[in-house]
Every structure is written in structure tokens, then in C-alpha cells.
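S.K.:
Residue numbers (our numbering): 5 to 71.
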């Protein structure tokens, strides 16, 4: 785990799941990393993972990086 970078969009895991569900994020847009409110992991997550039900609920947030 590392401190959050100065770039990227931090959101709660539930907000990320919701955005993926209605098409607010698609794989082509970029990628996320599971995070907490202060730290990021090196575990990537993409919208198609969420739609497939592959959700790591050990984390409370996702930081999103646009292409």
C-alpha cells in the first residue's frame, strides 16, 4: 500500500460499482486500483471485472485513472 497519488479520482467502492453498472466507466476509459481513503494498492480493477461480479470487498475505495 502506498499513499494516494496527486492524480486520479478517488471514490467509494459502492460509487465505483454503481458507475460501472450504468456504463459511466468502461474498460476503454482507463483502470482503477483498489484503495482505502488514504492509500492505494497495486491491485487493478476494470469495469468488466465489476460487471462479472469480481469485486474485492476488502477495500473501501477505488482510485480511477483515465487514459
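Using N, Cα and C, we set each Cβ at its ideal position, and we do this for glycine too.
No experiment lies behind these values; they were computed from the predicted model shown.
Let me know if residue 38 comes out buried or exposed under the rule of 16 or more other beta-carbons within 10 Å of its beta-carbon.
M.R.: Under this definition residue 38 is a buried residue.
S.K.: Can you round the beta-carbon distance between residue 35 and residue 63 to whole angstroms, since I take them to be within the 8 Å contact cut?
M.R.: Actually they do not touch by this definition, with Cβ atoms about 15 Å apart.
S.K.: Would you call the CB atoms of residue 15 and residue 65 closer than 8 Å?
M.R.: In this structure, residue 65 lies closer than 8 Å to residue 15 by Cβ.
S.K.: Give me, in chain order, the residues of the same chain whose beta-carbon lies closer than 6 Å to that of residue 53; leave out the 5 immediate sequence neighbours on both sides.
M.R.: Result list for residue 53: empty, nothing under 6 Å.
S.K.: Less than 8 Å between the CB atoms is what I'm expecting for residue 47 and residue 60, so what's the real figure, rounded?
M.R.: Between residue 60 and residue 47 the Cβ distance is about 7 Å, and since that is below 8 Å, they are a contact.
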